[in-house]
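Engineer: Just so we're aligned: 44 in my numbering is position 58 of the sequence shown, and the numbers increase by one with no gaps anywhere.
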Amino acid sequence: MKPLLFRVPTVDSRSFRVQVDDGPHLYNRLHFHPEYQLTLIREGVGTLVAGDRIDRFQPFDVLLLGANLPHVFRNDPSYFEAGSTQRALSYSVFLRYNPTDGPLFGLPELEHLTHLLRDSIYGVRIRATQPNALTSQLEELHRLRPFEQLTCLFSVLDQLAAHPNREMLSATAYEKPRRPDDHQRLDNVFSFIMNRYAQPITLEDVAAEASLTPGAFCRFFRLHTRKTFSRLLNEVRIKHACRMLQETPDSISQIALACGYGNLSNFNRQFKAITGLTPGHYLRAVDQTPLPGNTDQKIGFR
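#1: Within the continuous alpha helix (DSSP H) that includes S122, where are the two ends?
#2: The beta strand (DSSP E) with D62 in it runs from where to where?
#3: So, are the CB atoms of L155 and R212 less than 7 Å apart?
#4: Take D236 and list the residues in its own chain whose beta-carbon comes closer than 8 Å to its own, dropping the five residues that flank it on each side.
#5: Do L103 and Y22 have their CB atoms nearer than 7 Å?
#6: For E153, which residues of its own chain have a beta-carbon under 6 Å away from its beta-carbon, when the five flanking residues on both sides are left out?
#7: Identify the continuous alpha helix (DSSP H) that holds V79 and give its terminal residues.
#8: If I'm right that L130 touches Y77 with Cβ under 8 Å, what's the distance once you round it to whole angstroms?
#9: Assuming contact is defined by CB atoms lying nearer than 7 Å, are A196 and N220 in contact in what I supplied?
#10: Using only the alpha-carbon positions, how far apart do V4 and Q135 sit?
#11: Contact check, I27 vs F2 under 8 Å by CB: the rounded distance?
#12: How many Å lie between G9 and E67 at the Cα?
#13: Taking just the CA atoms, how far does F178 sit from V192?
#14: Considering Cα atoms alone, identify which of T33, L49, R82 is closest to D62.
#15: So, under 8 Å CB-CB, L16 and V58 are touching, yes? Tell me the CB distance rounded to an integer number of Å.
#16: Cutting at 8 Å between CB atoms, please list the residues of its own chain near R0, excluding the five before and the five after it.
#17: For A36, write down the residues that DSSP places opposite it in a beta bridge.
#18: According to the Cβ coordinates, are A74 and H11 closer than 7 Å?
#19: Go through the region 180 to 268 residue by residue and report every complete run of the alpha helix (DSSP H) that reaches 4 residues or more, in order.
#20: Just to confirm, are A147 and H98 a CB contact at a threshold of 7 Å?
#21: To the nearest whole angstrom, what separates the beta carbons of I187 and I224, a pair I think is in contact under 8 Å?
#22: Just list the residues that DSSP pairs Q5 with in beta bridges.
#23: Compare the Cα-Cα distances from V142 to each of Q232, T121, S64, G248 and report the closest residue.
#24: Leaving out five residues before and five after F253 in sequence, what residues of the same chain have Cβ atoms less than 6 Å from its Cβ?
#25: By Cβ distance, which residues of its chain are closer than 7 Å to F43, with the 5 residues on each side in sequence left out?
#26: Am I right that L189 and F215 are in contact with their C-beta atoms under 8 Å? What's the rounded C-beta distance?
#27: What residues in its chain sit with their C-beta under 6 Å from that of V222, if we drop five residues either side in the sequence?
#28: Between R205, T234, V48, S239, which lies nearest to Y116 when the distance is taken from Cα to Cα?
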């Protein structure tokens, strides 16, 4: 199997590439690449995985992802339905930079941007929620001349470095795996979970997706995620339940069933274990005020 090393098309004479992705959905495979990635989500919602973080992405999220950080922007299932008219649009810059070379482009005046890129090994995000000067610059970047793109890129990174609401995504830095097929196995498992989380899933089912025996899969999965498979599956299901509680009028029992829980008491128990709240308390908190970030769950990749 080939590893999910994503090849970013480059121009030899350029140190970065500007890219616009406009289509029915974003690239939906867990992947990594040696370039630093700066992305504005302009349209589309779904699940973000960055390092050991699983979360939601939404329009006007600005993300800076470090070199070789595993990530995926997976749009919600409705984007993949036949006849869907939903659209996903993002603007990205892929930057080649070796931190061992010193300050970015060798310029001491860019030392603060160099520190920002070093921080990006954990993933950096700003949730703008609406258009502003920063998001407008990223939207216009692909229309500029190369020199103008460079100065605009410096400006965007400068704003990110100084932004008071900048947050780190992953709790741990990422190290490239020694076995290149580990990414393929993890992507197979992750895609299987995202497609089937609402249905019964057995250990044998998911082990087969990784082409491993159940015992070997358990060891592999714990090694690479530092969690059991059942823990990860519950985190994905509860994350989707949180979204449904916020976005749909469905009852708690309907949401439990839609997220793969045939037993309401088990759903309530798992929900509280992962979010710290019962579904009812969570729903009341959402109705009153935005919840703090304690419901952002994590999965790990090493």
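All residues carry an ideal CB built from backbone N, CA and C; glycine is no exception.
Here the structure is a predicted model, which means the values were calculated and not measured.
Structural biologist: With the structure as the only source:
#1: In the sequence shown, residue 122 corresponds to position 136, counting from 1. 119 to 126 is the span of the alpha helix (DSSP H), which, as asked, contains S122.
#2: As a working mapping, residue 62 is identified with position 76 in the sequence shown. Unbroken run through D62: none, as it is neither H nor E.
#3: Stepping through the sequence shown from its first residue, residue 155 is reached at position 169. Stepping through the sequence shown from its first residue, residue 212 is reached at position 226. Not in contact: L155 and R212 (Cβ atoms no closer than 7 Å).
#4: The residue given as residue 236 occupies position 250 in the sequence shown. Excluding positions up to five away in sequence, the list reads M230, A244.
#5: For the purposes of this step, residue 103 is taken as residue 117 along the sequence shown, with counting starting at 1. For the purposes of this step, residue 22 is taken as residue 36 along the sequence shown, with counting starting at 1. Cβ atoms of L103 and Y22: closer than 7 Å.
#6: Reading the sequence shown from its first residue, position 167 is the one you call residue 153. Excluding sequence neighbours, E153 sits near R111.
#7: Counting from one through the sequence shown, the residue named residue 79 turns up at place 93. Element bounds for V79: not the alpha helix (DSSP H) but the beta strand (DSSP E), 74 to 81.
#8: Locating residue 130 in the sequence shown gives position 144, where the first residue counts as 1. Locating residue 77 in the sequence shown gives position 91, where the first residue counts as 1. Contact doesn't hold; Cβ gap of about 12 Å is too wide.
#9: As a first step, residue 196 must be located in the sequence shown, where it is residue number 210. As a first step, residue 220 must be located in the sequence shown, where it is residue number 234. The answer is no: Cβ separation not under 7 Å.
#10: In the sequence shown, the residue the question calls residue 4 occupies position 18. In the sequence shown, the residue the question calls residue 135 occupies position 149. C-alpha separation (whole angstroms): 9 Å.
#11: Translated into the one-based positions of the sequence shown, residue 27 becomes position 41. Translated into the one-based positions of the sequence shown, residue 2 becomes position 16. Not really, about 19 Å apart at Cβ, beyond 8 Å.
#12: Translated into positions along the sequence shown, residue 9 becomes position 23. Translated into positions along the sequence shown, residue 67 becomes position 81. Whole-angstrom Cα-Cα distance: 14 Å.
#13: Residue 192 sits at position 206 when you count from the first residue of the sequence shown. Residue 178 sits at position 192 when you count from the first residue of the sequence shown. Distance between the alpha carbons of V192 and F178 is about 7 Å.
#14: As a position in the sequence shown, residue 62 is number 76, starting the count at 1. For D62, the nearest C-alpha among the options comes from T33.
#15: On the sequence shown, position 30 is the one that residue 16 refers to. On the sequence shown, position 72 is the one that residue 58 refers to. The Cβ separation is near 5 Å, so the contact holds.
#16: The count along the sequence shown starts at 1 and reaches residue 0 at position 14. For R0, where only same-chain residues beyond five positions count, the Cβ hits under 8 Å are P132.
#17: For the purposes of this step, residue 36 is identified with residue 50 of the sequence shown, where counting begins at 1. A36 pairs with R39, H57.
#18: The residue given as residue 74 occupies position 88 in the sequence shown. The residue given as residue 11 occupies position 25 in the sequence shown. Yes, the pair counts as a contact, with Cβ atoms nearer than the cut-off.
#19: 189 to 195, 200 to 211, 215 to 233, 238 to 244, 250 to 261
#20: Translated into positions along the sequence shown, residue 147 becomes position 161. Translated into positions along the sequence shown, residue 98 becomes position 112. Yes, the pair counts as a contact, with Cβ atoms nearer than the cut-off.
#21: For this step, residue 187 is matched to residue 201 along the sequence shown. For this step, residue 224 is matched to residue 238 along the sequence shown. Their Cβ separation, rounded to whole angstroms, is 15 Å, which puts I187 and I224 out of contact at 8 Å.
#22: Locating residue 5 in the sequence shown gives position 19, where the first residue counts as 1. Q5 is bridged to S78.
#23: Counting from one through the sequence shown, the residue named residue 142 turns up at place 156. Answer by Cα proximity: T121.
#24: Your numbering for residue 253 matches position 267 in the sequence shown. Within the same chain, F253 has close Cβ partners A242, Y247.
#25: As a working note, residue 43 is residue 57 in the sequence shown. Result list for F43: I27, V31, G32, L34, F59, in chain order.
#26: Position 203 of the sequence shown, counted from the start, is the residue given in the question as residue 189. Position 229 of the sequence shown, counted from the start, is the residue given in the question as residue 215. Confirmed, about 7 Å.
#27: By 1-based counting over the sequence shown, the position of residue 222 is 236. These residues qualify, in order along the chain: I179, Y183.
#28: For the purposes of this step, residue 116 is taken as residue 130 along the sequence shown, with counting starting at 1. The amino acid occupying residue 116 in the given sequence is Gln; Tyr does not appear at that position. It is V48.
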